[in-house]
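Below: the structure, in C-alpha cells.
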Amino acid sequence: MLRRPKPSTRVWLAVAGLMVASVLVVGCSARPAQARAGGSSANNATVQRTIENKGSDTLVNLALAWAEAYVLVKPEVRISVTGGGTGTGIAAMLNGTVDIANASREIKPEEMKAAKEKGMTPQQFVVAGDAIAIIVHPDNPVQQLTLQQLSDIYTGKIKNWQEIGGENRPIVLLSRESNSGTYVYFLENVVRLGKKSDLLFSPDTLLMPSSEGISAEVRQNPNAIGYDGLGYVTPDLKMIAVAKDDKAPHVLPSKEAVTDGSYPIARALYMVTPDAPSDEVKAYLDWVRAEGQMMVAQLGFVPLQDR
Amino acid sequence: MSSEVISSKARSRWGEFFVESGIRILGFSTIGFVLLIFFFLLREGIPAFTKVPLGNLFGTRWYPTFDLYGTLPLLLGSIVVTITAIAIALPLGVATAVYVREIAPSWAREILKPMIEVLAGIPSVVLGFFGMTIIAPLIRQGFGPPTGLTAFTGALILAYMALPTIISVAEDALDAVPTSYRNASLAMGATHWQTIWRVVVPAASSGILTAVMLGMGRAIGETMLVMMVTGNAARMPLGLDALFMPVRTMTATIAAEMGEVASGSTHYHVLFAIGIILFLLTFILNLAAAQAMFRKRRQGGLR
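Going down the list, the sequences are from chains A and B.
The working numbering puts the last residue of the first sequence at 379; the count rises by one with no breaks.
The working numbering puts the last residue of the second sequence at 344; the count rises by one with no breaks.
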C-alpha cells in the first residue's frame with residue numbers, strides 16, 4: 073500500500089482473486105459431499121454420535137486416553153477432545169458448543185450464575201484426583217518447603233533461594249496463565265493458604281502459556297520454581313516435599329500421599345455437563361467413573377476409588 | 042471480416058471491463074473490511090471505558106481475574122520490546138540493503154535476495170520455540186539475568202523477524218535513487234563509501250523511514266513468538282534492568298486470555314479495548330510512514 077505500485081501488483085491482485093474464487097468453489101462443492109455422507113450414515117444401523125469435550129489442559133491427556141479407549145466399548149460414539157484451559161472449556165459449554173467441559177477446579181459462582189441466566193443447570197462429576205507438584209531444577213539443593221514458605225515465595229516476599237536454605241540465587245516464579253484451573257487452585261490454596269485474603273501472585277511471576285512452557289524453563293534454569301500436575305512431571309525435574317505447616321511432616325507428591333491425605337496440594341478433577349446429561353453422555357461418564365479409572369494411575373493421576 | 046474484428050475487439054473490451062471491475066471491487070473491499078473490523082473493535086471495546094474506571098484501566102496492576110485491569114504494564118511492555126527490536130534491526134537491515142544494492146556483485150545479489158525472502162517465510166511459532174529452548178538459556182548464561190525469558194530475548198527474535206521487511210523496502214528505496222546521483226558524486230571525486238553514505242542513503246532516507254515504520258508495525262503486532270519468549274509477567278518495565286526482565290505485551294495478553302473470557306464480560310471488553318489501542322498504534326505508524334513519503338515527494342525528493 074505504501075510502496076510504489078509495481079506492474080506486478082495487478083498480477084498479484086488477479087492471483088488473490090483467483091484464490092478467493094477457488095475457496096468459494098471448494099466451499100460450495102464440499103457442502104453437498106457432507107450432506108451425502110450424513111445421508112449414507114443415517115441409512116446404516118450405527119448412527120454416529122459425537123460428544124464434544126473441551127477444557128482443562130491438566131485433564132486433556134487423560135480425557136484423550138479415555139476417548140480412545142471408549143471407541144472400543146461403543147464404536148458408534150465419537151468423542152473429540154480439546155484442551156485450552158478450564159475457563160475456556162466452561163466458557164465453551166456456556167456458549168453451547170461442547171457437551172462436556174473438563175475442569176481442574178469447581179465451577180465458579182459467576183459461571184454458575186451465567187449458566188442459570190441461560191437456563192442451564194450445570195452438573196459436576198468428579199472423574200479423578202490430582203496432586204500439584206512443586207518443581208525446581210535438579211541442581212537446586214532445596215528439598216522441602218512449607219505452604220507458608222510457598223505463599224511467601226509466590227507473593228514476592230521471599231526473593232532469594234538463600235532465605236530458604238538454597239544457594240545465593242534470585243527466585244524466578246513460574247505460573248500457568250490465568251485461564252488455567254491450576255492457576256486458580258494454586259492461588260486459592262497455596263498463595264492465599266485457603267483463607268479469604270486479597271493476596272495475589274507477585275507481578276514478577278512469569279505466566280507460561282502451557283505446562284510444557286513451565287517444564288522447559290525449570291529444566292534449564294536453576295533459579296526457577298514452578299508448579300504442574302503430577303502427571304506432567306518428568307524424571308529430569310526435581311519435586312519439592314511440601315508440609316501443611318511447621319508441625320506437619322514434609323511429603324513428596326505421589327498417588328499414595330494424595331490417597332492418605334498427607335500431601336497438602338491435591339484436588340479433584342471434574343467433568344461438567346451443561347444440564348442433566350443425555351443418555352450417551354451419561355453412559356460415557358458412568359464408564360469413565362468405573363472402568364475408565366483403570367487407566368488413571370498410569371497417567372500419573374489418582375483413581376477415584378482410592379480417594 | 043471487418044465485423045468479426047469489431048466483435049472480437051468488443052469481446053475483449055467486455056472481458057477487460059469485467060476483469061477490471063472485479064479487481065476494483067476486490068481492492069475496495071479491503072478498505073471495507075478494515076472499516077468493518079474497526080467498527081467491531083469499537084463496539085466490543087468501548088464498553089470497557091464505561092465499565093472500568095479510567096484509574097483502574099490505566100493503572101499498573103493487571104490481574105483480570107480479580108477486576109484489576111491496569112493496561113499500562115502491557116502498553117509499556119509492547120513499546121519496550123518493539124523499540125528495542127527496531128534498534129537492533131534498523132542498522133542490520135539498512136547495512137544489508139546497502140550491501141545488496143550497492144556493493145554486492147550481481148551473483149551474490151542473486152543468492153542473497155531469495156535467501157532474505159525465505160527468512161520472511163519462517164513461521165513465528167518456530168522462531169518462538171527456537172528462542173524458548175536455545176536463545177533464552179544463552180541470554181541467561183551470557184548476560185546473567187535471573188531468567189532468559191526477557192524483553193531483550195523477545196526483541197532479538199522480533200528483530201530477526203522484522204529484518205526481511207526492512208531489508209526489502211530499504212533496498213527498493215535505494216534502487217529508486219537515480220544513477221545520475223551516484224555518477225555525479227563519483228565524478229566530484231567522492232569515494233564509493235562517501236557516495237553511499239553522503240548521497241545515496243540520504244536520498245533514500247524517506248524510503249528507509251517507511252521500512253522502519255513497516256518493520257515496527259510487524260513487530261508490535263507479533264503474538265505467538267512474544268508470548269513464548271518474553272515470560273509474560275505483567276510488571277512495569279521501568280528502570281535500566283527492565284530490558285533483561287520479563288514483560289507482558291498487549292498481543293500476548295489478548296492471545297492468552299481471549300479463549301477464557303465469557304463473551305460480554307468486563308474482561309472481554311477490556312481485551313477488545315487493548316485491541317483498539319493496538320489498532321490505533323499500528324494505524325499511527327502506517328500514517329507516519331505514508332506522511333514521511335508524501336512530504337519527501339512534495340519537496341521534489343525521491344519516494
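In this text, a Cβ means the ideal position worked out from N, Cα and C, and glycines have one as well.
Since tyrosine 110 (chain B) sits in a beta bridge, which residues does DSSP pair it with?
BP columns for tyrosine 110 (chain B) point to B:Trp103.
Quick check on the DSSP output: the beta strand (DSSP E) that includes aspartate 300 (chain A) runs from which residue to which?
Boundaries of the beta strand (DSSP E) harbouring aspartate 300 (chain A): 296-301, taken from the DSSP string.
Quick one: is threonine 125 (chain B) buried, meaning 16 or more other Cβ sit within 10 Å of its Cβ, or exposed?
So threonine 125 (chain B) ends up on the buried side.
Residue closest to serine 283 (chain A), alpha-carbon to alpha-carbon, out of B:Met257, B:Val241, B:Ser247 and B:Met269:
For the set B:Met257, B:Val241, B:Ser247 and B:Met269, the Cα lying nearest the Cα of serine 283 (chain A) is the one of B:Met269.
State the Cα-Cα distance for the pair glutamate 148 (chain A) and glutamate 124 (chain A), rounded to the nearest angstrom.
Spanning the two alpha carbons is a distance of roughly 14 Å.
Grab the span of the alpha helix (DSSP H) containing asparagine 97 (chain B) for me, first residue to last.
Note, asparagine 97 (chain B): alpha helix (DSSP H), 95-98.
Buried or exposed for glutamine 365 (chain A), going by 16 or more other Cβ atoms inside 10 Å?
So glutamine 365 (chain A) counts as buried.
I need the straight-line Cα distance from valine 166 (chain B) to threonine 193 (chain A), nearest angstrom please.
Near 40 Å, if we compare the C-alpha coordinates of threonine 193 (chain A) and valine 166 (chain B).
Bridge-paired residues (DSSP) for proline 242 (chain A):
For proline 242 (chain A), which the question treats as bridged, DSSP gives the partners A:Asn232.
Within chain B, partners of proline 213 (chain A) - CB distance below 7 Å:
Under the 7 Å cutoff, chain B gives no residues; its nearest Cβ is about 17 Å from proline 213 (chain A).
Taking contact to mean 3 or more Cβ pairs, one atom from each stretch, closer than 8 Å, check whether the stretch 311-328 of chain A and the stretch 197-213 of chain A are in contact.
With a cut-off of 8 Å, the stretch 197-213 of chain A and the stretch 311-328 of chain A count as touching, because enough Cβ pairs lie within range.
Is the number of C-beta pairs between the stretch 229-243 of chain A and the stretch 290-301 of chain A that are closer than 8 Å three or more?
Enough Cβ pairs lie closer than 8 Å, so yes.
Could you pull out every unbroken beta strand (DSSP E) segment of at least 3 residues lying fully inside the stretch 202-239 of chain B, listed in chain order?
With a minimum length of 3 residues, no continuous beta strand (DSSP E) run stays inside the stretch 202-239 of chain B.
Among the candidates B:Tyr140, B:Leu328 and B:Leu131, whose CA atom is the shortest distance from the CA of leucine 215 (chain B)?
Answer by Cα proximity: B:Tyr140.
Sequence-distant residues of the same chain with beta carbon closer than 6 Å to proline 213 (chain A), five excluded per side
Hits under 6 Å: Gly238.
Under 8 Å from the C-beta of glutamate 298 (chain B): neighbouring residues of chain A
Glu249, Ser250 and Asn251, listed in chain order.
Take alanine 89 (chain B) as the anchor and find which of B:Ile78, B:Tyr309 and B:Leu322 has the nearest alpha-carbon.
Considering only alpha carbons, the answer is B:Tyr309.
Ranges of the alpha helix (DSSP H) found wholly within the stretch 252-301 of chain B, counting only runs of at least 4
Listed in chain order, they are 265-270 and 291-299.
What residue range does the alpha helix (DSSP H) around lysine 190 (chain A) cover?
According to the DSSP assignment, lysine 190 (chain A) belongs to no alpha helix (DSSP H), since it is labelled neither H nor E.
Are three or more beta carbon pairs between the stretch 222-235 of chain A and the stretch 138-147 of chain A nearer than 8 Å?
Judged by pairs of C-beta atoms under 8 Å, the stretch 222-235 of chain A does not touch the stretch 138-147 of chain A, as fewer than three such pairs exist.
Check whether the Cβ of aspartate 224 (chain A) lies closer than 8 Å to any Cβ atom in chain B.
No, because no Cβ of chain B sits closer than 8 Å to the Cβ of aspartate 224 (chain A).
Is arginine 24 (chain A) helix, strand or coil when you go by DSSP?
Any answer about residue 24 (chain A) is impossible in this case: the structure gives chain A only from 73 up to 379.
Could you check whether the stretch 171-185 of chain A touches the stretch 333-344 of chain A, counting it as contact only if at least three pairs of C-beta atoms, one from each stretch, sit closer than 8 Å?
The stretch 171-185 of chain A, when compared against the stretch 333-344 of chain A, does touch it at the 8 Å Cβ threshold.
What residues of chain B sit near aspartate 276 (chain A), judged by a beta carbon separation below 8 Å?
Per Cβ cutoff of 8 Å: Ala274, Arg276, Met286 and Pro287.
Can you tell me whether serine 223 (chain A) is helix, strand or coil according to DSSP?
The answer is helix: DSSP assigns serine 223 (chain A) an H, G or I state.
Can you check which of these residues, A:Gly301, A:Ala340, A:Asp308 and A:Ala348, is closest to proline 325 (chain A) by C-alpha distance?
Residue nearest to proline 325 (chain A) within the set A:Gly301, A:Ala340, A:Asp308 and A:Ala348 is A:Gly301 (criterion: CA-CA distance).
Does DSSP classify serine 415 (chain A) as helix, strand or coil?
Nothing can be reported for residue 415 (chain A), as the shown portion of chain A is limited to 73 through 379.
So if DSSP puts glutamine 196 (chain A) in a beta bridge, which residue, or which two residues, is it bridged to?
According to DSSP, glutamine 196 (chain A) bridges with A:Val344.
What residues match up with threonine 218 (chain A) in a beta bridge as DSSP calls it?
Per DSSP, the beta-bridge partners of threonine 218 (chain A) are A:Ala315.
Throw me the rounded Cβ distance for the isoleucine 134 (chain B) and isoleucine 208 (chain B) pair, which I believe falls under 8 Å.
The amino acid occupying residue 134 (chain B) in the given sequence is glycine; isoleucine does not appear at that position. At roughly 5 Å, the Cβ-Cβ gap stays under 8 Å, so glycine 134 (chain B) and isoleucine 208 (chain B) are in contact.
Closer than 8 Å, CB to CB, is leucine 341 (chain A) near chain B or not?
Contact with chain B is absent for leucine 341 (chain A), since none of that chain's Cβ atoms lies less than 8 Å from the residue's Cβ.
Note down, in chain order, every chain A residue with its Cβ under 7 Å from the Cβ of leucine 190 (chain B).
Near leucine 190 (chain B) (Cβ distances below 7 Å), the residues of chain A are Leu278 and Glu289.
For the stretch 91-111 of chain B, which residues have a CB atom closer than 9 Å to at least one CB atom of chain A, in sequence order?
Going along the stretch 91-111 of chain B in chain order, one finds Thr101, Arg102, Trp103, Tyr104, Pro105, Thr106, Phe107 and Leu109 with a Cβ nearer than 9 Å to chain A.
Can you tell me the Cα-Cα spacing of tyrosine 201 (chain B) and isoleucine 261 (chain B), whole angstroms?
If I take the Cα positions, the gap works out to 13 Å.
Tell me, to the nearest whole angstrom, how far the beta carbon of alanine 161 (chain B) is from that of proline 205 (chain B); I am working on the premise that it is less than 8 Å.
By a beta-carbon distance limit of 8 Å, alanine 161 (chain B) contacts proline 205 (chain B). Their separation comes to about 4 Å.
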